[in-house]
Amino acid sequence: EAPSGGAPLQYRVDAEARSLTTSLLGASDPNQNALTATLTGDLRGSALDSLDGTVDLEVTDTRLYGLQSSVLTLQSTLQDGAADVDLQGAVNDVDLSVNGTTRPFDAAPSADLTARVRELSLATIAPDAGITGTLSTTVQIQARSIATETATYDVDATLGPSRIGRQPIDAG
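Per our numbering, the sequence shown starts with residue 631, numbered consecutively.
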């Protein structure tokens, strides 16, 4: 909380990294790890759990720990400590989106999120299994008291149009 009679909390960030390659990110080989990103944010409020503002992150042309992304964007608007989250992009050529709400700065953080993955290659996630095909899925996550002793997580996954080997799967 802000000190009695003091100014409210205020956080601003405007950062950019272009092809950042460093041993802090892993191997120093720029073909292994390179980060290009822009982060902007402006948050204000009387306490962490009541912040208002926006945070935007764009990651482009990035390779990090075996993951690659040409474009990944995160936009978040906070109102009274509740953050609307919208993440869109692709990681390792797999379309990914996450949206929903979180309360990241509460004493017991929570989240209600929906994640969608399209055409995830089975060979990518299980390279030694010898299975071909792709999975598309929607996962709904409700998390309460995250990172506390009383944490609860409810996860519901629904399979969308997918294929295992030659076998198509409509949904499930």
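Note that CB positions come from ideal geometry on N, CA and C, so glycine has one too.
Legend entry - Opposing strand residues paired with residue 725 [DSSP bridges]: Here residue 725 is taken as the residue at index 95 of the sequence shown, counted from 1. DSSP lists 720 and 748 as partners of residue 725.
Inset, instruction - Rounded to whole angstroms, what's the CA-CA distance from residue 720 to residue 688? Just pull it up for me. - result: Locating residue 720 in the sequence shown gives position 90, where the first residue counts as 1. Locating residue 688 in the sequence shown gives position 58, where the first residue counts as 1. Counting only the Cα atoms, residue 688 lies some 12 Å from residue 720.
Inset, instruction - Provide the residue span of the beta strand (DSSP E) that contains residue 686, from first to last. - result: What you label residue 686 is simply residue 56 of the sequence shown in a count that begins at 1. 682 to 694 is the span of the beta strand (DSSP E), which, as asked, contains residue 686.
Inset, instruction - Buried or exposed for residue 802, please, with buried defined as at least 16 other CB atoms from any protein chain shown within 10 angstroms of its CB. - result: Numbered from 1 along the sequence shown, position 172 holds the residue referred to as residue 802. Flag for residue 802 reads exposed.
Inset, instruction - Excluding the 5 residues preceding and the 5 following residue 631 in the sequence, name in chain order all residues of the same chain whose CB lies nearer than 6 Å to its CB. - result: Position 1 of the sequence shown, counting from 1, holds the residue named residue 631. A caution first: residue 631 carries a pLDDT of 48, below 50, which makes its placement in the model unreliable, though a value can still be read off. Cβ neighbours of residue 631 beyond the five flanking positions: 677.
Inset, instruction - Within the same chain, show all residues whose beta-carbon is closer than 8 Å to that of residue 792, passing over the 5 residues directly before and after it, in chain order. - result: By one-based count along the sequence shown, residue 792 stands at place 162. Correct list, in chain order: 763, 764, 765, 766, 767, 798 and 799.
Inset, instruction - Could you tell me if residue 699 is buried or exposed, where buried requires 16 or more neighbouring beta carbons within 10 angstroms of its beta carbon? - result: Here residue 699 refers to the residue found at position 69 when the sequence shown is read from its first residue. With 16 or more other Cβ atoms within 10 Å, it is buried.
Inset, instruction - Report the rounded CA-to-CA distance for residue 782 versus residue 773, giving the unit in angstroms. - result: In the sequence shown, counting from the first residue as 1, residue 782 sits at position 152. In the sequence shown, counting from the first residue as 1, residue 773 sits at position 143. Answer to the nearest angstrom: the Cα atoms are 6 Å apart.
Inset, instruction - Would you check if the stretch 711 to 725 and the stretch 741 to 754 touch, i.e. whether three or more CB-CB distances between them fall below 8 Å? - result: With the cut-off at 8 Å, the stretch 741 to 754 and the stretch 711 to 725 touch.
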